[in-house]
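These protein sequence lines map, in sequence, to chains A and B. The numbering of the first sequence is my numbering, which starts it at 1 and goes up by one. The numbering of the second sequence is my numbering, which starts it at 116 and goes up by one. A virtual CB, placed ideally from N, CA and C, is assigned to each residue, including glycine.
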Amino acid sequence: EAGVTQFPSHSVIEKGQTVTLRCDPISGHDNLYWYRRVMGKEIKFLLHFVKESKQDESGMPNNRFLAERTGGTYSTLKVQPAELEDSGVYFCASSRYQTGAVEQYFGPGTRLTVT
Amino acid sequence: RKEVEQDPGPFNVPEGATVAFNCTYSNSASQSFFWYRQDCRKEPKLLMSVYSSGNEDGRFTAQLNRASQYISLLIRDSKLSDSATYLCAVNRDSGGYQKVTFGTGTKLQVIP
Numbered sequence: 001e002a003g004v005t006q007f008p009s010h011s012v013i014e015k016g017q018t019v020t021l022r023c024d025p026i027s028g029h030d031n032l033y034w035y036r037r038v039m040g041k042e043i044k045f046l047l048h049f050v051k052e053s054k055q056d057e058s059g060m061p062n063n064r065f066l067a068e069r070t071g072g073t074y075s076t077l078k079v080q081p082a083e084l085e086d087s088g089v090y091f092c093a094s095s096r097y098q099t100g101a102v103e104q105y106f107g108p109g110t111r112l113t114v115t
Numbered sequence: 116r117k118e119v120e121q122d123p124g125p126f127n128v129p130e131g132a133t134v135a136f137n138c139t140y141s142n143s144a145s146q147s148f149f150w151y152r153q154d155c156r157k158e159p160k161l162l163m164s165v166y167s168s169g170n171e172d173g174r175f176t177a178q179l180n181r182a183s184q185y186i187s188l189l190i191r192d193s194k195l196s197d198s199a200t201y202l203c204a205v206n207r208d209s210g211g212y213q214k215v216t217f218g219t220g221t222k223l224q225v226i227p
């Protein structure tokens, strides 16, 4: 079974530019999560999709971040315009269930550097 | 107070040593608990779930203390390959679905 995949693995962009990150969850996992880890800090929740619906987007920092999951398969996270503080590693995770003991499986992450 | 707290370490231990980490959580409504392992510049990987009765997987033992609101991870006979950051994750119900909060992680360095 293929794991969670993310693209690109690295992205270096200038302040003010736009970047779109992609996540492909494990097949059959309805739940998809985005997280961000800024250097030296904990992994922070951004949002949670159940299929194509946003279940919880309380962790999204501001309206420069837009996540979509059309068709309930892969998801994209767009940052527009990017700011320096957006630098970090963006992880995507998926899980089969959303109740009970939810075990999440993480993708390798996209390392975003905004210069 | 953070919802999930861990000692960031680093814990430097010799090979063969036994090492234990704790993770405290503040929300008494938390329902399920996990330990993840994260290697440098890699993604977190699920190490083990933590059950109320405690559970063991080889050299790793996880325990839950609901009264004091902490979970623990014990690693026996440490190997060099155990060097990593160990993250605890705490799930709680939020409007009918599980919301996961991670600790900052505890860094373990096993030295020869």
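Annotation: tyrosine 166 of chain B to glutamine 146 of chain B spans about 10 Å, alpha carbon to alpha carbon. Within chain B, Ser209, Gly210, Tyr212 and Lys214 have C-beta atoms less than 9 Å from the C-beta of aspartate 56 of chain A, given in sequence order. Taking 9 Å as the threshold, the shortest C-beta distance from leucine 179 of chain B to chain A does not fall below it.
Beta-bridge pairing by DSSP links isoleucine 13 of chain A to A:Val114. Note on geometry: alpha-carbon atoms of valine 114 of chain A and histidine 10 of chain A lie some 11 Å from one another.
Contact residues of the segment 194-207 of chain B toward chain A are Leu202, Ala204 and Asn206 (C-beta to C-beta distance below 9 Å). Annotated as proximal: arginine 37 of chain A and glycine 109 of chain A, with beta-carbon spacing under 9 Å. Leaving aside the five residues that flank proline 8 of chain A on each side, the residues in its chain whose CB is nearer than 7 Å to its CB run, in chain order, Thr110.
Partner residues in the beta bridge of glutamate 120 of chain B, as assigned by DSSP, are B:Thr139.
For a cut-off of 8 Å, the C-beta gap from phenylalanine 136 of chain B to serine 168 of chain B is around 20 Å, too long to register as a contact. Residues Thr5 and Tyr74 of the same chain have their beta carbon placed closer than 6 Å to that of aspartate 24 of chain A, with the five preceding and five following residues left out of the count.
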